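> Each residue of the sequence shown is one higher than the last, beginning at 476 in my numbering.
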Amino acid sequence: MVCARLLLCLSAGCLAAGFYPEPAEYFYPEQLLDYKTNDKFLKTENTRISIEEQVEWPPENIFKDIRQVAGVDVDRLGNVHVFHRGDRMWDMRSFKGDNYQQQELGPIQIDTILILDPSSGQVIRSWGKNRFYLPHGLTLDSHENSWVTDVALHQVFKFASNNEEPLLVLGEKFKPGSDRSHFCKPTDVAVSSSGIVFVSDGYCNSRIIAFKPDGTFHGEFGQQDKMNVPHSLSLIEERKCLCVADRENARILCYSLKEDGSLGDLTVNNDVPTGAPYAIVNRGEYMLAVTLSYARDGAAMGITMKLSDGDVINTWHSYEGFSMPHDMAISSNGTFLYVVDVGKFTSKKVFKFEINDVI
Ligand code: ZN
Numbered sequence: 476m477v478c479a480r481l482l483l484c485l486s487a488g489c490l491a492a493g494f495y496p497e498p499a500e501y502f503y504p505e506q507l508l509d510y511k512t513n514d515k516f517l518k519t520e521n522t523r524i525s526i527e528e529q530v531e532w533p534p535e536n537i538f539k540d541i542r543q544v545a546g547v548d549v550d551r552l553g554n555v556h557v558f559h560r561g562d563r564m565w566d567m568r569s570f571k572g573d574n575y576q577q578q579e580l581g582p583i584q585i586d587t588i589l590i591l592d593p594s595s596g597q598v599i600r601s602w603g604k605n606r607f608y609l610p611h612g613l614t615l616d617s618h619e620n621s622w623v624t625d626v627a628l629h630q631v632f633k634f635a636s637n638n639e640e641p642l643l644v645l646g647e648k649f650k651p652g653s654d655r656s657h658f659c660k661p662t663d664v665a666v667s668s669s670g671i672v673f674v675s676d677g678y679c680n681s682r683i684i685a686f687k688p689d690g691t692f693h694g695e696f697g698q699q700d701k702m703n704v705p706h707s708l709s710l711i712e713e714r715k716c717l718c719v720a721d722r723e724n725a726r727i728l729c730y731s732l733k734e735d736g737s738l739g740d741l742t743v744n745n746d747v748p749t750g751a752p753y754a755i756v757n758r759g760e761y762m763l764a765v766t767l768s769y770a771r772d773g774a775a776m777g778i779t780m781k782l783s784d785g786d787v788i789n790t791w792h793s794y795e796g797f798s799m800p801h802d803m804a805i806s807s808n809g810t811f812l813y814v815v816d817v818g819k820f821t822s823k824k825v826f827k828f829e830i831n832d833v834i
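(1) Run through the DSSP bridge pairs and tell me what M762 is partnered with.
(2) Could you spell out the range, first to last residue, of the beta strand (DSSP E) harbouring E829?
(3) Alpha carbons only, please: which of N620, G785, A770, S731 is nearest the one belonging to I755?
(4) What's the C-alpha gap between S621 and P641?
(5) Can you give, in chain order, each stretch of the alpha helix (DSSP H) that sits fully within the segment 522 to 583 and has at least 4 residues?
(6) What three-state label does DSSP hand E640 in the structure shown?
(7) Count the C-beta pairs between the segment 563 to 571 and the segment 522 to 529 that are closer than 8 Å, then say yes if the count reaches three, no if not.
(8) Looking at I588 and F558, is the spacing between their C-beta atoms short of 7 Å?
(9) N536 to V544, Cα distance in whole Å?
(10) Whole angstroms is fine: what's the gap from L580's alpha carbon to F538's?
(11) Ignore the nearest five residues each way along the sequence and tell me which others in Q578's own chain have a CB closer than 7 Å to its CB.
(12) Just to confirm, are L591 and V626 a CB contact at a threshold of 7 Å?
(13) Classify R600: buried if its beta carbon has 16 or more other beta carbons within 10 angstroms, exposed otherwise.
(14) According to DSSP, is R600 helix, strand or coil?
(15) Return helix, strand or coil for A770, following the three-state DSSP convention.
(16) Count the CB pairs spanning the segment 710 to 720 and the segment 814 to 828 that are closer than 8 Å, and state whether there are at least three.
(17) Going by beta carbon distance, what residues of the same chain come within less than 8 Å of D586, once the five residues before and after it are set aside?
(18) Taking the C-alpha atoms as reference points, what is the distance between L507 and R726?
(19) For F797 and N680, what's the separation of their Cα atoms in angstroms?
(20) Does DSSP classify D689 as helix, strand or coil?
(21) Would G777 count as contacting chain C if we go by Cβ distances under 7 Å?
(22) Whose C-beta lies closer than 6 Å to the C-beta of G697 among residues of the same chain, with five residues either side of it excluded?
(23) For N724, does the three-state DSSP call read helix, strand or coil?
(24) Of the choices V664, G677, Q699, M702, whose alpha-carbon is the least far from that of P688?
(25) Put R606 into one of helix, strand or coil per three-state DSSP.
(26) Considering only their Cβ atoms, is the gap separating G694 from A685 smaller than 7 Å?
(27) Between which two residues does the beta strand (DSSP E) harbouring F673 extend?
(28) Along the chain, which unbroken stretches of the alpha helix (DSSP H) at least 4 residues long are found entirely within the segment 781 to 814?
(29) For R714, which of helix, strand or coil comes out of DSSP?
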């Protein structure tokens with residue numbers, strides 16, 4: 476596998492050995508990664524939920540000038556918050572090694588966060604201009620604070636709703652690192668009800684790093700499992716676990732959540748047969764994921780897996796098809812699912828699905 480990754484890097488002009496970049500410009504040769512390529516993983520007889528796209532949502536014009544929508548979450552009212560990169564893209568020019576190479580562009584000058592009405596898809600409010608360079612993850616905590624990551628800045632930000640000045644900034648601007656006060660292209664955030672902040676870190680570190688509510692270091696976890704781009708987090712407090720989409724290892728890992736907010740044993744280690752899981756969300760006994768198969772010429776799809784054993788009970792798609800589905804979020808009642816896409820092969824960037832339990 477190490478050899479395959481090196482070859483992949485060489486063939487794709489990779490920025491650093493052992494590191495998989497995100498841009499859609501990269502082509503992943505079919506033969507190099509060893510994902511399962513048959514469809515025997517699918518156990519349709521067990522399907523208990525249906526996932527159906529609402530193809531007219533949102534209106535076409537909303538995202539016509541936006542190239543990559545990276546992050547999404549849903550607030551308590553059902554409004555959809557998306558984090559996008561304006562006219563900017565993460566491409567071959569963005570980084571040299573771990574360092575961002577386009578500081579001279581300045582921050583993105585338009586609002587990078589749009590809040591969409593869940594029914595009409597129209598923009599209710601927008602904010603977040605003149606601060607971010609390469610937006611990545613967006614998470615709303617139980618107090619409706621927004622947590623975002625920027626892979627160019629190597630930082631994590633916390634914002635109260637209706638305030639554009641951050642309450643908390645973690646990491647040092649443009650300085651990648653692997654100690655307690657630096658990140659390297661952090662990808663996602665999850666916040667427990669007690670305020671512990673978990674950050675998946677990230678494209679060039681292989682850890683989950685935790686902070687107390689005031690931003691002081693609380694611990695780092697998962698290095699022993701050799702994650703390769705931990706890309707998305709799903710905190711499931713009723714099951715006392717934190718799950719990680721370990722993207723380039725094509726697996727989902729879950730760690731037990733201790734009383735003090737640290738992480739304990741690895742309780743779930745499920746291979747994802749359809750490829751690299753870019754994002755995960757939990758719904759009851761299921762984990763929903765969007766995946767990209769480098770072994771299938773970049774075939775992207777949504778899948779529903781049983782959390783307990785990783786069995787795939789169904790796959791799902793958008794009408795137009797996914798290109799590089801990058802993040803997903805589910806409404807608090809579990810009825811609506813949103814997916815955002817950073818790929819360049821689909822004109823649609825934001826997708827809405829309705830989920831129904833099948834009796
Ligand atoms: Zn990403």
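Idealized CB from N, CA, C, for every residue including glycine. Just so you know, these numbers come straight off a predicted model, no measurement behind them.
Looking at the atomic coordinates:
(1) In the sequence shown, counting from the first residue as 1, residue 762 sits at position 287. Paired residue(s): N757, M780.
(2) For this step, residue 829 is matched to residue 354 along the sequence shown. Per DSSP, the unbroken beta strand (DSSP E) holding E829 starts and ends at 825 to 832.
(3) Here residue 755 is taken as the residue at index 280 of the sequence shown, counted from 1. Comparing Cα-Cα distances from I755 to each of N620, G785, A770, S731, the minimum goes to G785.
(4) Counted from its first residue, the sequence shown places residue 621 at position 146. Counted from its first residue, the sequence shown places residue 641 at position 166. Those two C-alpha atoms are separated by around 9 Å.
(5) Runs of the alpha helix (DSSP H) inside the segment 522 to 583: none found.
(6) As a first step, residue 640 is located in the sequence shown; it is residue number 165 there, counting from the start. The answer is coil: DSSP assigns E640 none of H, G, I, E or B.
(7) They do not touch, by the three-pair rule.
(8) On the sequence shown, position 83 is the one that residue 558 refers to. On the sequence shown, position 113 is the one that residue 588 refers to. Yes, these two residues count as a Cβ contact at 7 Å.
(9) As a working mapping, residue 536 is identified with position 61 in the sequence shown. As a working mapping, residue 544 is identified with position 69 in the sequence shown. The straight-line gap from Cα to Cα measures roughly 14 Å.
(10) Numbered from 1 along the sequence shown, position 105 holds the residue referred to as residue 580. Numbered from 1 along the sequence shown, position 63 holds the residue referred to as residue 538. Within the model, the alpha-carbon separation for L580 versus F538 is close to 22 Å.
(11) Here residue 578 refers to the residue found at position 103 when the sequence shown is read from its first residue. Within the same chain, and ignoring the five residues on either side of Q578 in sequence, the residues whose Cβ sits closer than 7 Å to its Cβ are F649.
(12) Residue numbering aside, residue 591 sits at position 116 when the sequence shown is read from its first letter. Residue numbering aside, residue 626 sits at position 151 when the sequence shown is read from its first letter. Taking 7 Å as the cut-off, the beta carbon of L591 is found no closer than this to the beta carbon of V626.
(13) Residue 600 sits at position 125 when you count from the first residue of the sequence shown. Counting Cβ neighbours within 10 Å, R600 comes out exposed, since fewer than 16 surround it.
(14) The residue given as residue 600 occupies position 125 in the sequence shown. Strand, per DSSP.
(15) As a first step, residue 770 must be located in the sequence shown, where it is residue number 295. A770 falls in the helix class under three-state DSSP.
(16) Touching, no.
(17) Here residue 586 corresponds to residue number 111 of the sequence shown, with the count starting at 1. Taken in chain order, the residues that qualify are S601, W602, G603, K604.
(18) Taking the first residue of the sequence shown as position 1, residue 507 is located at position 32. Taking the first residue of the sequence shown as position 1, residue 726 is located at position 251. Because the pLDDT at L507 is just 30, under 50, the model does not fix this residue reliably, and the value given afterwards should be weighed accordingly. Between the alpha carbons of L507 and R726 lies a gap of roughly 17 Å.
(19) Counted from its first residue, the sequence shown places residue 797 at position 322. Counted from its first residue, the sequence shown places residue 680 at position 205. Looking at the two C-alpha atoms, the distance is approximately 27 Å.
(20) Here residue 689 is taken as the residue at index 214 of the sequence shown, counted from 1. Looking at D689 - three-state DSSP - the assignment turns out to be coil, as it is neither helix nor strand.
(21) Any reference to chain C falls outside this structure, which holds one protein chain only.
(22) As a working note, residue 697 is residue 222 in the sequence shown. Once the five neighbours on either side are set aside, the close Cβ partners of G697 are R682, I683.
(23) Within the sequence shown, residue 724 is the residue found at index 249, counting from 1. Correct three-state label for N724: helix.
(24) What you label residue 688 is simply residue 213 of the sequence shown in a count that begins at 1. For the residues V664, G677, Q699, M702, the minimum Cα distance to P688 belongs to V664.
(25) Against the sequence shown, residue 606 aligns to sequence position 131. In the three-state reduction of the DSSP assignment, R606 falls in the coil class.
(26) Position 210 of the sequence shown, counting from 1, holds the residue named residue 685. Position 219 of the sequence shown, counting from 1, holds the residue named residue 694. Yes, Cβ-Cβ distance for A685 and G694 is below 7 Å.
(27) For the purposes of this step, residue 673 is taken as residue 198 along the sequence shown, with counting starting at 1. Per DSSP, F673 belongs to the beta strand (DSSP E) from 672 to 676.
(28) Counting whole runs of 4 or more residues, the segment 781 to 814 contains no alpha helix (DSSP H) stretch at all.
(29) As a working mapping, residue 714 is identified with position 239 in the sequence shown. Secondary structure at R714: helix, using DSSP grouped into helix, strand and coil.
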